[in-house]
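K.L.:
These protein sequence lines map, in sequence, to chains A and B.
Per our numbering, the very first residue in the first sequence carries number 51; after that it's consecutive.
Per our numbering, the very first residue in the second sequence carries number 25; after that it's consecutive.
All residues carry an ideal CB built from backbone N, CA and C; glycine is no exception.
The following block contains the structure, expressed as structure tokens.
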Amino acid sequence: MITRSAAQLAAALESGETTSAQVTEAFLNRIGAVDGDVHAFLQVDSDGAMAAAAASDARRAAGAAASALDGVPIAVKDVLATQGIATTCGSKILQGWVPPYDATVVARLKAAGLPILGKTNMDEFAMGSSTEHSAYGPTHNPWDLDRIPGGSGGGSAAAIAAFEAPLAIGSDTGGSIRQPGAVTGTVGVKPTYGGVSRYGLIAMANSLDQAGPVTGTVLDAALLHEVIGGHDPLDSTSINAPASGFVEAAMQGANGDLSGVKIGVITELGGDGYQAGVLARFNESLEVMVAAGAQIVEVSCPSFVHALAAYYLIMPSEASSNLARFDAMRYGLRVTPDGDPSAEDVMRATRDAGFGDEVKRRIILGTYALSSGYYDAYYGSAQKVRTLISRDFEAAFAQADVLVSPTAPTTAFKLGEKLDDPLSMYLNDIATIPANLAGVPGMSLPCGLADEDNLPAGFQILAPAMQDARLYRVGAALESLLTNQWGGRLLDRVPELGGAR
Amino acid sequence: MNFDEALAAFDPAMGLEVHVELNTATKMFCGCPTEFGAEPNTQTCPTCLGLPGSLPVVNGKGVESAIRIGLALNCSIAEWCRFARKNYFYPDMPKNFQTSQYDEPIAFDGFLDVELADGEVVRVEIERAHMEEDTGKSTHVGGSTGRIHGADYSLVDYNRAGIPLIEIVTRPILGTRERAPEVAKAYVAQLREILLGLGVSDVRMEQGSMRCDVNLSLAPKDSGLLGTRTETKNVNSLRSVERAVRFEISRHAEILSGGGSILQETRHFHEDTGITTSGREKSDAEDYRYFPEPDLVPIAPSREWVEQLRSELPEPPRVRRARLQEAWGFSDLEMRDTVGAGALGLVEETIAAGAAPQAARKWWLGELARRANEDGVEVSALPITPADVAGVQALVDAKTINDKLAREVFEGVLAGEGTPADVVAKRGLAMVSDDGALAEAVATAIAANPDVADKIREGKVAAAGALIGEVMKLMRGKADAARVRELILESLTSS
Numbered sequence: 051m052i053t054r055s056a057a058q059l060a061a062a063l064e065s066g067e068t069t070s071a072q073v074t075e076a077f078l079n080r081i082g083a084v085d086g087d088v089h090a091f092l093q094v095d096s097d098g099a100m101a102a103a104a105a106s107d108a109r110r111a112a113g114a115a116a117s118a119l120d121g122v123p124i125a126v127k128d129v130l131a132t133q134g135i136a137t138t139c140g141s142k143i144l145q146g147w148v149p150p151y152d153a154t155v156v157a158r159l160k161a162a163g164l165p166i167l168g169k170t171n172m173d174e175f176a177m178g179s180s181t182e183h184s185a186y187g188p189t190h191n192p193w194d195l196d197r198i199p200g201g202s203g204g205g206s207a208a209a210i211a212a213f214e215a216p217l218a219i220g221s222d223t224g225g226s227i228r229q230p231g232a233v234t235g236t237v238g239v240k241p242t243y244g245g246v247s248r249y250g251l252i253a254m255a256n257s258l259d260q261a262g263p264v265t266g267t268v269l270d271a272a273l274l275h276e277v278i279g280g281h282d283p284l285d286s287t288s289i290n291a292p293a294s295g296f297v298e299a300a301m302q303g304a305n306g307d308l309s310g311v312k313i314g315v316i317t318e319l320g321g322d323g324y325q326a327g328v329l330a331r332f333n334e335s336l337e338v339m340v341a342a343g344a345q346i347v348e349v350s351c352p353s354f355v356h357a358l359a360a361y362y363l364i365m366p367s368e369a370s371s372n373l374a375r376f377d378a379m380r381y382g383l384r385v386t387p388d389g390d391p392s393a394e395d396v397m398r399a400t401r402d403a404g405f406g407d408e409v410k411r412r413i414i415l416g417t418y419a420l421s422s423g424y425y426d427a428y429y430g431s432a433q434k435v436r437t438l439i440s441r442d443f444e445a446a447f448a449q450a451d452v453l454v455s456p457t458a459p460t461t462a463f464k465l466g467e468k469l470d471d472p473l474s475m476y477l478n479d480i481a482t483i484p485a486n487l488a489g490v491p492g493m494s495l496p497c498g499l500a501d502e503d504n505l506p507a508g509f510q511i512l513a514p515a516m517q518d519a520r521l522y523r524v525g526a527a528l529e530s531l532l533t534n535q536w537g538g539r540l541l542d543r544v545p546e547l548g549g550a551r
Numbered sequence: 025m026n027f028d029e030a031l032a033a034f035d036p037a038m039g040l041e042v043h044v045e046l047n048t049a050t051k052m053f054c055g056c057p058t059e060f061g062a063e064p065n066t067q068t069c070p071t072c073l074g075l076p077g078s079l080p081v082v083n084g085k086g087v088e089s090a091i092r093i094g095l096a097l098n099c100s101i102a103e104w105c106r107f108a109r110k111n112y113f114y115p116d117m118p119k120n121f122q123t124s125q126y127d128e129p130i131a132f133d134g135f136l137d138v139e140l141a142d143g144e145v146v147r148v149e150i151e152r153a154h155m156e157e158d159t160g161k162s163t164h165v166g167g168s169t170g171r172i173h174g175a176d177y178s179l180v181d182y183n184r185a186g187i188p189l190i191e192i193v194t195r196p197i198l199g200t201r202e203r204a205p206e207v208a209k210a211y212v213a214q215l216r217e218i219l220l221g222l223g224v225s226d227v228r229m230e231q232g233s234m235r236c237d238v239n240l241s242l243a244p245k246d247s248g249l250l251g252t253r254t255e256t257k258n259v260n261s262l263r264s265v266e267r268a269v270r271f272e273i274s275r276h277a278e279i280l281s282g283g284g285s286i287l288q289e290t291r292h293f294h295e296d297t298g299i300t301t302s303g304r305e306k307s308d309a310e311d312y313r314y315f316p317e318p319d320l321v322p323i324a325p326s327r328e329w330v331e332q333l334r335s336e337l338p339e340p341p342r343v344r345r346a347r348l349q350e351a352w353g354f355s356d357l358e359m360r361d362t363v364g365a366g367a368l369g370l371v372e373e374t375i376a377a378g379a380a381p382q383a384a385r386k387w388w389l390g391e392l393a394r395r396a397n398e399d400g401v402e403v404s405a406l407p408i409t410p411a412d413v414a415g416v417q418a419l420v421d422a423k424t425i426n427d428k429l430a431r432e433v434f435e436g437v438l439a440g441e442g443t444p445a446d447v448v449a450k451r452g453l454a455m456v457s458d459d460g461a462l463a464e465a466v467a468t469a470i471a472a473n474p475d476v477a478d479k480i481r482e483g484k485v486a487a488a489g490a491l492i493g494e495v496m497k498l499m500r501g502k503a504d505a506a507r508v509r510e511l512i513l514e515s516l517t518s519s
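Here it is, written out as structure tokens:
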């Protein structure tokens, strides 16, 4: 049961072969069995999930399913506000905060009938590439428990890879959906900026953040994307266009035909700094696509070399302002120093105790970058780089339907390996960041195991803004071709964990 | 140093920043109601409380009001502008940044021609008018000052957080010399009148829906320099604006002429004593780290929309006043008194309802102004309509009542006894128009005052006044004095 895709589970629910209560219970049991090792979840809401499952079964029995995925359970990254379920963003400063409202994404999941299993672990305020910056302890990669599951959405990706959930929601500011997908052998999609409402998504960097699907298959991602996407009047940056055609594109792609599709390989995202095994799997995937009729062109995006630097000015600038609200005055942690403290003393003590080092590092970076006298040199220049990156994308998409690269330069590294070397950690997102800066959609899907370490490598596909359907068409084709070649899904090769399959 | 001495040595420069709360039904960035005076923290939602994950959405009506204000102040309207975050920590600011506008205000480069009491017109240049959100309201409990320092605890009401504000900033106002306090007051008064006319704000200074910050500096007389300024915050009445400017001029002059220098700081104005005291030091190091608000999309009002709003603007107050003064034939003084009493619209409506201009003015500025003063309310707040006033005057014109009786009619209307006609009927105030009854009273009065009658017979007609008084007394006031006079003269001169 738990290894089935969401689409298969939905079909089983639709046919009456099983019930949402049975499915949900199976996943809750799996969480109980393996999450002690994996630590994908910060909160498990068994009662809420089972109640939602019962309601779903009643709807299906009455022939009134709320959506194709009605009854298929899901895990939600702890960055999204969930009414009545504690939401921490992986931070001590939000410990005990129970939101009085649902994020739009969460409201849409509920409206579509998906039982919410719980909230998944993440780097504090989504700042990190390993989930080691969670204030509640790291998540472990199901492929090797000594390794990182990627970040910041390591919890959601690991939950999928460990079969603790058939579907999950992540959020991607610089790669936090795609890089965890790459290192856990799962599928992750960062939609076009504005394609999925950010209302209730606790912001790291508002102009870059985007919630999206984390799944085991491309079709599952398409199904989930259609549930959560579309215009939301509560988010001013939400695009007023329907989120449709993704499932159709994934179905079309699944026939493995890529005739006439032009695939642009980005020169700047590969080569030096990329692990040999990752590049090998990437290049083999290109060959498979060519064999399926795709045309490969090499495209250059010269401004991408400045992407990381621009990102590490824009993201901390916005984050420094976003995180100012955590001041102990209204909700969350409050630390009251001894003596007769002023409001400012309480704010200072709370923020000192409540934020972790990486968060403080970025607040300081951002505060500095926005300071009078430095603004033009830092924030202003970074915005110019952003414009140049968008122009590079425009030029590249004039030559190709989609652009591709390895998702991350390496496979999963060991827990603790890069914790004391932030710059090395930041380099993990070198291939994923440009899409966030330009607002274009991106997908990571597994393209095999690297020879050096037998760990998953990720293949990234990028499409022009609002052309998310192209990701599903091309992604489903590559997935289908590789699955045929492998004789099964990559996830089927994930090692056994404590619990029984 | 007194004010005159100060002005002999120094030239003042002023800058006025006026915050106006818009009267939109909902807040600037969320759907919460804006009604004043609700139970604390009942008009809040995730967005105006700044809860994690919440997002702002711009109130279109707020943008429209901002554009209309900009147009009424002769400003250019931005073709494209953005909101910006003004970052600083304060407990009544839910997000610890204020969503405001920085270098891209919606309206800029305008002016307001301010008319002083003697008719002199001073042009005040408007640098900008921008949109922002209000903060919550802190109440500091305990301690002696009512300020946060020394308080036992503080209460914060977030009902006000997110209420739309327009901040209107002048360029430095120079060359006003001894008239600076008067110019400041007149500017704020005229701004208030414009905003009232636009209908975009309640502009109640006492409720804080219009707040004025006064920047003031002095420079040696005729030097053309700009001195160090102080910013006196939240000056909350027209009179206080004048007093604050006057006080700061004297205070600065005292310090400067003693060889001291002015500390750049914010100051608080005290309504009771009329003085300002030091607030917080406002050094150049204060850095709000402004940057464009990434959660909102740019605002690009179409030129068609702007022109439509321009075409729908009400007549500017000065133009309207000139037009009405001409139509009514009021003297400058009569016009100023009418405007000053806040009765311009009332008089206009009363005339529209049929009263003669002078009659309308007489009632509103006389009897009714007196009553308003007694009751301690604005004349516009009296429970009487311009139609009622015109109705009273119509009764006077028809000789149903006289001016003295009219006062009783007003009393009745104000007491809720109905229309003027109702009051006349209920109180039995109609004058006696029957000459027979009047002749009887005239005869009685003549008989009782033979010496007065003799004087009249001798041609001293002015003496008739005493007899008229007698007759009115006999008639209990319910007589037309002019007719009584005729009857007296007829009976004493004809036979």
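Output yes if chain A places a C-beta closer than 8 angstroms to the C-beta of V87(B); else output no.
P.N.:
Position 63 of the second sequence holds residue 87(B). Answer no: the Cβ-Cβ gap between V87(B) and chain A never drops below 8 angstroms.
K.L.:
What residues in the stretch 118-130 of chain B have a beta carbon less than 8 angstroms from any beta carbon of chain A?
P.N.:
Residues passing the 8 angstroms Cβ filter: P118, K119, N120, F121.
K.L.:
Is the CB of L320(B) under 8 angstroms away from at least one CB in chain A?
P.N.:
Start at 1 with the first residue of the second sequence, and residue 320(B) comes out as number 296. Taking Cβ atoms only, chain A reaches closer than 8 angstroms to L320(B), which makes this a yes.
K.L.:
If contact means a Cβ-Cβ distance below 7 angstroms, which residues of the stretch 360-371 of chain A contact chain B?
P.N.:
Under the 7 angstroms Cβ criterion, the stretch 360-371 of chain A contributes S367, E368, S371.
K.L.:
Give the DSSP-derived three-state secondary structure of N26(B) in the structure shown.
P.N.:
Residue mapping note: residue 26(B) aligns to position 2 of the second sequence, counting from 1. DSSP places N26(B) in coil when its eight states are reduced to three.
K.L.:
What residues from chain A crowd round D311(B), counting only those whose CB sits closer than 7 angstroms?
P.N.:
Residue mapping note: residue 311(B) aligns to position 287 of the second sequence, counting from 1. Residues of chain A passing the Cβ test: S421, S422.
K.L.:
Taking the alpha carbon of Y151(A) as the point to measure from, which residue in I252(A), A161(A), A162(A), G134(A) has its own alpha carbon closest?
P.N.:
Translated into the one-based positions of the first sequence, residue 151(A) becomes position 101. Nearest of I252(A), A161(A), A162(A), G134(A) to Y151(A), Cα basis: G134(A).
K.L.:
Compute the Euclidean distance between the alpha carbons of A56(A) and E336(B), then round it to the nearest angstrom.
P.N.:
What you label residue 56(A) is simply residue 6 of the first sequence in a count that begins at 1. What you label residue 336(B) is simply residue 312 of the second sequence in a count that begins at 1. The alpha-carbon atoms of A56(A) and E336(B) are separated by roughly 58 angstroms.
K.L.:
Measuring only between beta-carbons, confirm whether R106(B) sits less than 8 angstroms from chain A.
P.N.:
Locating residue 106(B) in the second sequence gives position 82, counting from the first residue. By this cut-off, R106(B) is not an interface position.
K.L.:
At what residues does the beta strand (DSSP E) containing G134(B) begin and finish?
P.N.:
Counting from one through the second sequence, the residue named residue 134(B) turns up at place 110. Counting along the chain, the beta strand (DSSP E) containing G134(B) begins and ends at 131-139.
K.L.:
By the criterion of Cβ-Cβ separation under 8 angstroms, what are the contact partners of G231(A) in chain B?
P.N.:
For the purposes of this step, residue 231(A) is taken as residue 181 along the first sequence, with counting starting at 1. In chain order: nothing, as chain B lies at least about 23 angstroms away.
K.L.:
Look up M339(A) in the DSSP assignment and say whether it is helix, strand or coil.
P.N.:
Working through the first sequence from its first residue, we reach residue 339(A) at position 289. Residue state, collapsed to three classes: helix.
K.L.:
Would you say R304(B) faces chain A, with C-beta separation under 8 angstroms as the test?
P.N.:
Along the second sequence, read from residue 1 onward, the residue named residue 304(B) stands at position 280. Not closer than 8 angstroms to any Cβ of chain A, the Cβ of R304(B) fails to qualify, so no.
K.L.:
For the candidate residues G404(A), Y362(A), V155(A), whose alpha-carbon lies nearest to that of Y381(A)?
P.N.:
In the first sequence, residue 381(A) corresponds to position 331, counting from 1. Closest by alpha carbon: G404(A).
K.L.:
I want to verify the contact list: residues of chain B whose CB lies under 8 angstroms from the CB of A513(A), in sequence order.
P.N.:
As a first step, residue 513(A) must be located in the first sequence, where it is residue number 463. Result: empty, since nearest Cβ-Cβ is about 23 angstroms, beyond 8 angstroms.
K.L.:
Let me confirm a value: R394(B) is counted as buried when at least 16 other C-beta atoms fall within 10 Å, else exposed. Which label applies?
P.N.:
For the purposes of this step, residue 394(B) is taken as the residue at position 370 of the second sequence. The residue in question, R394(B), is exposed, as its Cβ has fewer than 16 Cβ neighbours within 10 Å.
K.L.:
Anything in chain A within Cβ reach of L179(B), meaning under 7 angstroms, just list it in chain order.
P.N.:
Reading the second sequence from its first residue, position 155 is the one you call residue 179(B). Neighbours of L179(B) on chain A: none; closest Cβ ~12 angstroms, over 7 angstroms.
K.L.:
What is the DSSP secondary structure of P545(A), counted as helix, strand or coil?
P.N.:
Position 495 of the first sequence, counted from the first residue, corresponds to residue 545(A). It is coil, neither helix nor strand.
K.L.:
If you draw a straight line from the C-alpha of Q535(A) to the C-alpha of N504(A), how long is it?
P.N.:
As a position in the first sequence, residue 535(A) is number 485, starting the count at 1. As a position in the first sequence, residue 504(A) is number 454, starting the count at 1. Rounded to whole angstroms, Q535(A) to N504(A) spans 17 angstroms at the Cα level.
K.L.:
Going by Cα to Cα distance, which pick from P410(B), V448(B), G440(B) is closest to N426(B)?
P.N.:
Counted from its first residue, the second sequence places residue 426(B) at position 402. When only C-alpha atoms are compared, the closest one is V448(B).
K.L.:
Considering only residues of the same chain and omitting the five flanking positions on each side of S353(A), which have a CB-CB separation below 8 angstroms?
P.N.:
Taking the first residue of the first sequence as 1, we reach residue 353(A) at position 303. The residues are V435, L438, I439, R441, D442.
K.L.:
Does any residue of chain A have a CB that is nearer than 8 angstroms to the CB of V165(B)?
P.N.:
The sequence position of residue 165(B) within the second sequence is 141, counting from 1. Closer than 8 angstroms: no.
K.L.:
Quick check: is the beta carbon of P325(B) nearer than 8 angstroms to any beta carbon in chain A?
P.N.:
Within the second sequence, the letter at position 301 stands for residue 325(B). With 8 angstroms as the cut-off, P325(B) does not count as an interface residue toward chain A.
K.L.:
Can you tell me which of L63(A), A399(A), N372(A), M379(A) puts its alpha carbon nearest to the alpha carbon of V385(A)?
P.N.:
Numbered from its first residue, the first sequence carries residue 385(A) at position 335. Measuring from the Cα of V385(A), the nearest candidate turns out to be A399(A).
K.L.:
On the three-state DSSP scale, how would you describe Y243(A)?
P.N.:
Taking the first sequence and counting its residues from 1, one reaches residue 243(A) at position 193. Coil.
K.L.:
Start and end of the alpha helix (DSSP H) containing V435(A)?
P.N.:
Counting from one through the first sequence, the residue named residue 435(A) turns up at place 385. From DSSP, the alpha helix (DSSP H) with V435(A) extends over 431-449.
K.L.:
Going by beta carbon distance, what residues of the same chain come within less than 7 angstroms of Y522(A), once the five residues before and after it are set aside?
P.N.:
Within the first sequence, the letter at position 472 stands for residue 522(A). Hits under 7 angstroms: V268, A272, F296, A299, A300, G303.
K.L.:
Count the CB pairs spanning the stretch 44-57 of chain B and the stretch 264-272 of chain B that are closer than 8 angstroms, and state whether there are at least three.
P.N.:
They do not touch, by the three-pair rule.
K.L.:
Taking all protein chains shown into account, do 16 or more other C-beta atoms lie within 10 angstroms of the C-beta of S241(B), making it buried, or fewer, making it exposed?
P.N.:
Taking the first residue of the second sequence as position 1, residue 241(B) is located at position 217. Answer is buried; the Cβ neighbour count reaches 16.
K.L.:
Would P115(B) pass as an interface residue toward chain A - the criterion being a Cβ-Cβ separation below 8 angstroms?
P.N.:
On the second sequence, position 91 is the one that residue 115(B) refers to. Output row for P115(B): interface = yes.
K.L.:
From A550(A) to S180(A), what distance separates their C-alpha atoms?
P.N.:
Here residue 550(A) is taken as the residue at index 500 of the first sequence, counted from 1. Here residue 180(A) is taken as the residue at index 130 of the first sequence, counted from 1. Low confidence applies here, because A550(A) scores a pLDDT of 41, under 50, leaving its location unreliable; read the following figure in that light. If I take the Cα positions, the gap works out to 27 angstroms.
K.L.:
Residues of chain A with CB under 9 angstroms from V371(B), in chain order?
P.N.:
As a position in the second sequence, residue 371(B) is number 347, starting the count at 1. Correct list: empty, because the minimum Cβ distance to chain A is about 46 angstroms.
K.L.:
When you compare the CB positions of S233(B) and V227(B), do they come within less than 8 angstroms of one another, or not?
P.N.:
Position 209 of the second sequence holds residue 233(B). Position 203 of the second sequence holds residue 227(B). Contact flag set, yes.
K.L.:
Assuming V145(B) and F135(B) are in contact, meaning their beta carbons sit under 8 angstroms apart, how far apart are those beta carbons, in whole angstroms?
P.N.:
Position 121 of the second sequence, counted from the start, is the residue given in the question as residue 145(B). Position 111 of the second sequence, counted from the start, is the residue given in the question as residue 135(B). Contact doesn't hold; Cβ gap of about 11 angstroms is too wide.
K.L.:
Quick one: any contact between the stretch 151-169 of chain B and the stretch 525-533 of chain A, if contact means 3 or more CB pairs under 8 angstroms?
P.N.:
No contact exists between the stretch 151-169 of chain B and the stretch 525-533 of chain A.
K.L.:
On a Cα-Cα basis, can you pick out the residue from A430(B), Q382(B), G364(B) that is closest to E402(B)?
P.N.:
Taking the second sequence and counting its residues from 1, one reaches residue 402(B) at position 378. Measuring from the Cα of E402(B), the nearest candidate turns out to be G364(B).
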